[in-house]
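Remarks on the structure that follows.
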Amino acid sequence: MESARQKATSIAAQEDVPMASKMREIEKLYAKARASAGGKKGGKKGGKKGKGPPLDKRMRADKRGLDKIAKRTGGKKGGKKGKGGGGGGKGKGRGKR
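For the sequence shown, the numbering used here gives the first residue as 73, with consecutive numbering after it.
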């Protein structure tokens with residue numbers, strides 16, 4: 073890459089060549105340098121879980137609800153709520169209207 077940089081500066085220093093032509097040459101030069109450099113190849117990402125058991129619509133809805141509660145309470149399950157009561161804010165015991 074260093075040699076490509078030196079060549080690019082020498083191309084840029086040429087006075088008799090138009091700017092567009094210089095840019096094309098430099099782009100070609102860097103493309104070739106990148107191709108020959110190689111570098112790290114990304115491996116497969118680990119730690120991916122499978123899909124899990126097949127769920128119907130109701131089970132998915134229940135799971136979403138449980139996840140929402142866990143997120144709101146900081147991942148704790150069960151137990152009494154402390155001061156301030158629990159979130160919500162839509163009122164209690166109104167039923168369907």
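C-beta atoms are modelled at their ideal positions from N, C-alpha and C, and glycine is treated no differently.
Alpha-carbon to alpha-carbon, residue j and residue i
i	j	result
residue 139	residue 123	17 Å
residue 73	residue 101	10 Å
residue 143	residue 135	12 Å
residue 99	residue 146	52 Å
residue 80	residue 137	59 Å
residue 92	residue 85	13 Å
residue 127	residue 141	20 Å
residue 83	residue 107	20 Å
Residue from the options with nearest C-alpha to residue i
i	options	result
residue 75	94, 109, 96 and 89	109
residue 78	125, 105, 96 and 131	105
Run of the alpha helix (DSSP H) containing residue i, from where it starts to where it stops
i	result
residue 74	74-85
residue 134	129-144
residue 117	Where residue 117 is concerned, there is no enclosing alpha helix (DSSP H), given that its DSSP letter is neither H nor E.
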